[in-house]
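In the numbering used here, the protein residues as written are 10 to 136.
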């Protein structure tokens, strides 16, 4: 889930497959990947696969970080560090995000949603 292959990854994987089967084409030896023509022909033969722009899925959402697990973790931290109510502060966020736009990936044509885990999540900047 959320780990699709980009076109570049697919071309590199095709080259590795050709090397494993001793079918190395001359054009791919110098840059160690199959040509873009091969990827185009592959997508023509398999017309149920298309390049799609995935929705950015945060790591917290992908790992099921929810309200119950948040308060469970909060309770553990409070007990571990012996925190009192006077030592806990409520900070507001500035609304700045650093979640990048994921690249297009190959996916099934009739799939409703395509997700891609982003490397970072939204950051709360303390003011």
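Idealized CB from N, CA, C, for every residue including glycine. What you are looking at is a predicted structure, and each value in this text was computed from that prediction instead of being measured.
Among the options, nearest to residue i - alpha-carbon criterion
i: residue 62; options: 28, 112 and 117; result: 112
i: residue 48; options: 18, 29 and 33; result: 18
Whole-angstrom distance between residue j and residue i, CA atom to CA atom
i: residue 16; j: residue 50; result: 13 Å
i: residue 132; j: residue 52; result: Low confidence applies to residue 132: its pLDDT is 47, below 50, so where it sits in the model is not reliable enough to give any reading.
i: residue 25; j: residue 118; result: 25 Å
i: residue 10; j: residue 22; result: Low per-residue confidence applies at residue 10: pLDDT is 47, beneath 50, and the placement is therefore not dependable enough to give any value.
i: residue 135; j: residue 27; result: Any reading at residue 135 needs caution, since the residue's pLDDT is 42, under 50, leaving its predicted position unreliable; the model's value is listed next. Approximately 52 Å between the Cα atoms of the pair.
i: residue 78; j: residue 88; result: 15 Å
i: residue 81; j: residue 75; result: 10 Å
i: residue 56; j: residue 45; result: 16 Å
Span of the beta strand (DSSP E), counted from its first residue to its last, around residue i
i: residue 58; result: 58 to 61
N-terminal and C-terminal residue of the alpha helix (DSSP H) that residue i is part of
i: residue 93; result: That residue, residue 93, is in no alpha helix (DSSP H); it is neither H nor E in DSSP.
i: residue 32; result: First-last for residue 32: undefined, no H or E at that position.
beta-carbon residue i near the ligand ATP non-hydrogen atom, thresh 7 Å
i: residue 112; result: Among the components modelled here there is no ligand, and therefore nothing to report on the ligand ATP.
Whether residue i touches residue j by CB criterion (8 Å)
i: residue 14; j: residue 115; result: yes
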